[in-house]
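Heads up, the thing below is written out as structure tokens.
Numbering (the numbering used here), first residue to last: 73 to 308.
What follows is the structure in structure tokens.
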């Protein structure tokens, strides 16, 4: 009987096999890397969309919770938002827009905690559309301090507010521009160009928000959102 000769792989065969394995490993790694990058991009896209949706929902919620304030200065014991019977209302204390920042006096989720002042502004250096919120206020003096702090925050460029540790700032989206229109007298008008002084002091029946979102985000270009007062149409 002839004995079978055992023969191993040659060096060339081993090198070819290693080269094939290396190519397969590289292709596999590229595939895994591509899936990871796609997952990261999808996650960023989802986060940006959800953040924008949450910001616009918060915008509506702030306007829905807007509190009307009295013109006359009440006694120090008067609770913020409690309008004396003889004092006319002053919507400019509830909603104030100067072309740069919108300030709103609103009720809080917990009515017993007091009111809050919120402000919306666009940061000039990076275009971020931001929301500023004060701590709850339970006195006229505290409200006035928060109202003024919101204006100072916007004047300072809508940056972080380390001088007011009780306030919070949240970014919504990067924008190229933003504008507001008020619906008053059955027409959309610029809030700053009302020819009637009385109309300028009246709360609008609706507010139109116009955002131009910067490129490079999940959502870009013009975005419009209309808010309508709950009592508009004679339901108050």
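The beta-carbon is built from N, C-alpha and C at its ideal position, and this holds for glycine as well. Treat the numbers as computed from the prediction; the structure is a model and nothing was measured.
Taking 3 residues as the shortest admissible run, the region 179-239 contains the following complete beta strand (DSSP E) segments, listed from N- to C-terminal end: 187-194 and 200-205. If you draw a straight line from the Cα of residue 197 to the Cα of residue 88, it is about 57 Å long. By the Cβ test, the region 197-213 is not in contact with the region 97-114, since fewer than three Cβ pairs between them sit closer than 8 Å.
For the pair residue 209 and residue 174, the CB atoms are not nearer than the 7 Å cut-off. For the pair residue 134 and residue 94, the Cα-to-Cα distance works out to about 59 Å.
In this structure, 120 is the residue among 120, 85, 184 and 241 with its C-alpha nearest to the C-alpha of residue 287. Residue environment analysis places residue 83 among the exposed positions, since fewer than 16 neighbouring C-beta atoms fall within 10 angstroms of its C-beta. Beta bridge pairing from DSSP links residue 255 with 260 and 278.
Looking at the DSSP output, residue 175 bridges to 168 and 191.
Within the model, the alpha-carbon separation for residue 199 versus residue 247 is close to 5 Å. By the CB criterion at 7 Å, residue 192 and residue 178 fall outside the cutoff.
Rounded to the nearest angstrom, the Cβ distance from residue 128 to residue 297 is 6 Å, consistent with a contact under 8 Å.
CA-to-CA, the gap between residue 217 and residue 189 works out to about 10 Å.
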